[in-house]
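A.B. asks:
Numbering (the numbering used here), first residue to last: -8 to 161.
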């Protein structure tokens, strides 16, 4: 625990804070629809990673496929966790980028980059740290090639940008 005190008023930061998943309340859209894999499946709160379990989003074989989450207000993003497909094709996510910002230029794919996904093992979840990047939009995009984008779950943690304390928990 670290605390900052001004006169008799103190604010303490706890290293073990649990941040809420703010993705569930957002709106989602993707570059196209493939195999009934609507974009909402990626924020349904279910990490099921076999496509037939109907919990993964899926695009067509698009050039530069993307998926975008609108958080409806600006947040300081702490982490983005992505669950990859298990039953096939887990390598399709390789090279995808997580982008965060307030712009809709190029469908939000021009926003600053939080991370490049080198790979995520089949059926597993990987967490990427975004260090408080600010934005309303969280995009996952595969640049530079034609590919299918399948996301079995996307979880985002953070706090509203106008919150002055990092996060209060204890």
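Just so it is clear, CB atoms sit at the ideal spot from N, CA and C, and this is done for glycine as well.
Excluding the 5 residues preceding and the 5 following residue 87 in the sequence, name in chain order all residues of the same chain whose CB lies nearer than 6 Å to its CB.
C.D. replies: Excluding sequence neighbours, residue 87 sits near 108, 131 and 133.
A.B. asks: In chain order, what residues of the same chain have a beta carbon less than 7 Å from the beta carbon of residue 25, not counting five sequence neighbours either side?
C.D. replies: Answer for residue 25: 49, 50, 51 and 139, listed in chain order.
A.B. asks: Applying the 10 Å Cβ sphere with the 16-neighbour rule, what's the burial state of residue 100?
C.D. replies: Label assigned to residue 100: buried.
A.B. asks: Considering residue 116, what are the terminal residues of the beta strand (DSSP E) in which it resides?
C.D. replies: Looking at the DSSP string, the run of the beta strand (DSSP E) that includes residue 116 is 116 to 132.
A.B. asks: With three or more beta-carbon pairs closer than 8 Å as the criterion, would you say the stretch 65 to 85 touches the stretch 114 to 129?
C.D. replies: With the cut-off at 8 Å, the stretch 65 to 85 and the stretch 114 to 129 touch.
A.B. asks: Using only alpha-carbon positions, find the residue among 89, 148, 152 and 103 that is nearest to residue 142.
C.D. replies: Of the listed residues, the one whose Cα sits closest to residue 142 is 89.
A.B. asks: What residues in its chain sit with their C-beta under 6 Å from that of residue 110, if we drop five residues either side in the sequence?
C.D. replies: The answer, listed in chain order, is 85.
A.B. asks: Where residue 104 and residue 92 are concerned, what is the direct C-alpha to C-alpha distance, given to the nearest angstrom?
C.D. replies: When rounded, the distance between both Cα atoms is 9 Å.
A.B. asks: So what does residue 106 bridge to, in DSSP terms?
C.D. replies: In the DSSP output, where bridge partners are listed per residue, residue 106 has 89.
A.B. asks: Once DSSP output is grouped into helix, strand and coil, what is the label at residue 162?
C.D. replies: Within the shown structure, residues of the chain are numbered from -8 to 161, placing residue 162 beyond reach of any answer.
A.B. asks: Quick one: using the 10 Å Cβ neighbour count with 16 as the cut-off for buried, is residue 47 buried or exposed?
C.D. replies: Buried is the call here.
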